[in-house]
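Scroll down for the structure; my scribbles are underneath it.
Residue numbers (this note's numbering), protein chains in the order written: chain B, 1296 to 1637; chain A, -8 to 340.
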């Protein structure tokens, strides 16, 4: 009985055509060898703990026959001066095409770590669902990681998973910083770049569309993720003369057709990048079409993303008829403000 | 024993492969910090200052879109450094839509600020729904005064809190203070006054005692002006009647300064304003002595200017002036009865 069992066990020992390994052991995994790039310690048997060098980690236990490589550092940037998001482009290295990747991010050098979910937000928990393909992470265009703190430096690193058995450790980290919410808003006129800003209709002959002598240019550089607006309102909703007791009422109209009126017309919009700045109806007319100014805030122009050196220029047009009383003190005050969706 | 070890190892190996992926994650998760109750970020944070000009008191609007499900009890707005804040009682609020961002809805439970500490103003709130953009206005300019220097990137925060109070969501905002946020617009409209007299020659034809004669082609006076408070028209004549040099006789004006209606066979002479058209917003009034409209009705002229018509406000008007004459059986015959009427007008600017 014992012989039969022994023969049966012997049949399981390593053999080849020429060799039979009579005795062998996996040992306890002691000792190590290393170079500048690798660190390898015996891993069989009961060896515990992970071994790591700068670029590689070898978990305890028997090494898989094939392990996906640790991804190189991603490209991590804040190209658009954002205060709550950063762009990351995974570097897949030599990973097979079916490799999936997960992204870890930290603002304290991974003392605490968060993970990027597939909806681009971050969470403290890590799950298999955090992995997705290179294409899923935006491929060469990358994705934007959302919900970050402003004015903060982050590190991000990437791990790979290929097939069902082989997950790499997180690779080397890349660094990027969020900005703080910012806005710079300014006004000038075509006559002066310093206040006070005055735009004058030197005369308003009857039945003639007249343009005030100064156009107004508003410039804005701001990084609200949800864009913003430039708003306008008028003190008098028209040109008012206290001595004549009369207001040349502002209204949306084509002054070429209307008998009289007063309003604003945007003549141009521009931006260096972002935005874009878009003139809003009714101020986006041409010819003699003007948007009526009111005592309530109205949208003059808008942009739906951060904008760099956005600008809008508008002029004021008016037309009187013979029934508009003469006076030298017609006036209005146009106020502008900004409405930013951070 | 060695063989037995081998068998056990094989068993371990199989087990390792079956769970290796899970272990890989476990190894990573093992280094994670426990889940933290971190505050979220508002999906949208918005503070609009209705004045950006330095040292100006201002009203404004606060909007926020929650991203974290919880039960809000208060909202805190931290105004930028340098902005001067009034007492809590000055932070009265309303939920009137003053060009709010698209989708903005009234902030539930919002009320006058309960506390101002430093730059932080605390308002009451009730529970908010994640993904909804809520807005309110602070309505009293005395609540906030823009800082006294012009600068970009004046940052603050909006924070929603629960009843603990613990932060639910918080996000920053930024604004600008500037030397001026206004453009003064001025205009002048020049004074205009146009006065035109048509049909200046008025031939009354042959006068007989059997009828009252009147202008067949009466003169008209047209006034176009932007005089804000109106205008006046006066008239006088050269002879206080129709004078004939050859007959050395004058058919005298009938009681200058009063209104009269001439009667056939009774010598008399007057002028009446018989019609007025007005395209302006003002009101035109014919002076009582010169009200015409029926045959022979009007007022006598003399050598002094007498007011015949006036207007208040902007009135662009055309008036018809008819001269009337009547003679008696004893009126000296002549072919050269004549008069010269002078009409003048002036705007009241």
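Don't be surprised by glycine CBs; every beta carbon is placed ideally from N, CA and C.
**OP:** Would you please state the rounded distance, in angstroms, between the beta carbons of residue 297 of chain A and residue 213 of chain A? I believe it to be under 8 Å.
**Re:** Wrong, their Cβ atoms sit about 20 Å apart, outside the cutoff.
Subject >> Between the CA atoms of residue 1577 of chain B and residue 88 of chain A - distance to the nearest angstrom >> reply: Cα-Cα distance, rounded: 19 Å.
Subject >> Selected residue, minimal CA-CA separation from residue 1518 of chain B, among B/1424, B/1511, B/1457 and B/1377 >> reply: Considering only alpha carbons, the answer is B/1377.
**OP:** Determine, using beta-carbon pairs with one atom in the segment 33 to 49 of chain A and one in the segment 127 to 146 of chain A, whether at least three such pairs fall under 8 Å.
**Re:** As far as the Cβ criterion goes, the segment 33 to 49 of chain A touches the segment 127 to 146 of chain A, which means the pair count is three or higher.
Original post:
Taking only beta-carbon atoms, is residue 1502 of chain B less than 8 Å away from chain A?
Top reply: Taking a beta-carbon distance threshold of 8 Å, residue 1502 of chain B does not count as an interface residue toward chain A.
Original post:
Within the chosen definition, does the segment 1511 to 1527 of chain B reach the segment 1618 to 1635 of chain B through at least 3 CB pairs nearer than 8 Å?
Top reply: Touching, per the Cβ criterion.
Original post:
What is the DSSP secondary structure of residue 1445 of chain B, counted as helix, strand or coil?
Top reply: In the structure shown, residue 1445 of chain B sits in coil (DSSP, three-state: anything other than H, G, I, E or B).
Original post:
What first and last residue would you give for the beta strand (DSSP E) that runs through residue 1410 of chain B?
Top reply: Unbroken beta strand (DSSP E) run through residue 1410 of chain B: 1409 to 1411.
Subject >> Sequence-distant residues of its chain with Cβ nearer than 6 Å to residue 240 of chain A (five each side left out) >> reply: Closer than 6 Å at Cβ, skipping near neighbours: 323.
**OP:** May I ask you to report which of helix, strand or coil DSSP gives residue 134 of chain A?
**Re:** Here residue 134 of chain A sits in helix by DSSP.
Original post:
Can you list, in chain order, the residues of its chain whose CB lies under 6 Å from that of residue 1505 of chain B, leaving out five sequence neighbours each side?
Top reply: Exclusion of the five residues before and after residue 1505 of chain B leaves 1496, 1499 and 1613 as the residues of its chain whose Cβ lies within less than 6 Å of its Cβ.
**OP:** Would you kindly report the start and end of the unbroken beta strand (DSSP E) that includes residue 1594 of chain B?
**Re:** Its beta strand (DSSP E) spans residues 1593 to 1598.
Original post:
Of the residues A/31, A/336, A/33 and A/36, which one's Cα is nearest the Cα of residue 188 of chain A?
Top reply: Comparing Cα positions, the closest option is A/336.
Subject >> Residues of the segment 1584 to 1604 of chain B with Cβ closer than 9 Å to any Cβ of chain A, in chain order >> reply: Taking 9 Å as the Cβ-Cβ cut-off against chain A, the residues of the segment 1584 to 1604 of chain B that qualify are 1591, 1592, 1593 and 1594.
Original post:
If you check the beta carbons only, do residue 1431 of chain B and residue 1383 of chain B fall under 8 Å apart?
Top reply: No, they are not a contact pair.
Subject >> Local conformation of residue 23 of chain A per DSSP, three classes >> reply: Note on residue 23 of chain A: pLDDT 32, under 50, position unreliable in the model; no value is reported.
Original post:
Are the segment 165 to 174 of chain A and the segment 274 to 294 of chain A touching, with three or more C-beta to C-beta distances below 8 Å?
Top reply: Fewer than three Cβ pairs drawn from the segment 165 to 174 of chain A and the segment 274 to 294 of chain A lie within less than 8 Å of each other, which leaves the two stretches out of contact.
Original post:
At what residues does the beta strand (DSSP E) containing residue 125 of chain A begin and finish?
Top reply: Judged by DSSP secondary structure, residue 125 of chain A falls within the beta strand (DSSP E) whose first and last residues are 125 to 129.
Original post:
Using the rule of at least 16 other Cβ atoms within 10 Å of the residue's Cβ for burial, across every protein chain shown, is residue 1515 of chain B buried or exposed?
Top reply: Burial call: buried.
Original post:
Can you find a C-beta in chain B that's less than 8 Å from the C-beta of residue 39 of chain A?
Top reply: Cβ-Cβ to chain B under 8 Å: yes for residue 39 of chain A.
Subject >> Under 8 Å from the C-beta of residue 224 of chain A: neighbouring residues of chain B >> reply: Within chain B, not a single residue places a beta-carbon under 8 Å from that of residue 224 of chain A; the smallest gap is close to 18 Å.
Original post:
What first and last residue would you give for the beta strand (DSSP E) that runs through residue 225 of chain A?
Top reply: It spans 222 to 228 - the beta strand (DSSP E) in which residue 225 of chain A sits, taken as one unbroken run.
Subject >> Test: residue 1493 of chain B CB closer than 8 Å to a CB of chain A >> reply: Chain A contact via Cβ: present.
**OP:** Output, in chain order, the set of chain A residues within a Cβ distance shorter than 8 Å of residue 1484 of chain B.
**Re:** Here the neighbours are 174.
Original post:
Which whole-angstrom value describes the C-beta separation of residue 1513 of chain B and residue 1606 of chain B, a residue pair presumed to lie in contact below a C-beta threshold of 8 Å?
Top reply: Between the beta-carbon of residue 1513 of chain B and that of residue 1606 of chain B there is about 7 Å, and that keeps the pair under the 8 Å contact cut.
Subject >> Cβ pair count under 8 Å reaching 3, the segment 1537 to 1555 of chain B against the segment 65 to 76 of chain A >> reply: Segments in contact, no.
Subject >> Positions along the segment 1414 to 1445 of chain B whose CB lies within less than 7 Å of some CB in chain A >> reply: From the segment 1414 to 1445 of chain B, only 1419, 1420, 1421, 1423, 1442 and 1445 have a Cβ closer than 7 Å to chain A.
Subject >> Through-space distance from residue 267 of chain A to residue 305 of chain A, alpha-carbon basis >> reply: Their Cα atoms are separated by approximately 15 Å.
Subject >> Supposed contact pair residue 193 of chain A and residue 331 of chain A - C-beta distance, whole angstroms, cut 8 Å >> reply: Taking a contact as a CB-CB distance under 8 Å, the pair residue 331 of chain A and residue 193 of chain A does not count as one, their CB atoms being some 11 Å apart.
**OP:** Entirely within the segment 207 to 285 of chain A and at least 4 residues each: give me those alpha helix (DSSP H) ranges in chain order.
**Re:** Note on the segment 207 to 285 of chain A: there is no whole alpha helix (DSSP H) run with a minimum of 4 residues.
Original post:
In whole angstroms, what separates the C-alpha of residue 263 of chain A from that of residue 1511 of chain B?
Top reply: Rounded to the nearest angstrom, the two C-alpha atoms are 56 Å apart.
**OP:** Enumerate, from N- to C-terminal direction, the unbroken beta strand (DSSP E) stretches of 3 or more residues contained entirely within the segment 288 to 322 of chain A.
**Re:** Taking 3 residues as the minimum length, the beta strand (DSSP E) runs contained wholly in the segment 288 to 322 of chain A are 288 to 290, 297 to 303 and 308 to 317, in order along the chain.
Original post:
Just curious, the beta strand (DSSP E) that residue 1579 of chain B is in, first and last residue?
Top reply: Where residue 1579 of chain B is concerned, there is no enclosing beta strand (DSSP E), given that its DSSP letter is neither H nor E.
**OP:** For residue 1549 of chain B, write down the residues that DSSP places opposite it in a beta bridge.
**Re:** Residue 1549 of chain B is bridged to B/1584.
**OP:** State the Cα-Cα distance for the pair residue 1539 of chain B and residue 92 of chain A, rounded to the nearest angstrom.
**Re:** Going from the Cα of residue 1539 of chain B to the Cα of residue 92 of chain A covers about 39 Å.
**OP:** Check each residue of the segment 297 to 313 of chain A: if its Cβ is closer than 7 Å to any Cβ of chain B, include it; give the result in chain order.
**Re:** Within the segment 297 to 313 of chain A, the residues whose Cβ lies closer than 7 Å to any Cβ of chain B are, in chain order, 305 and 307.
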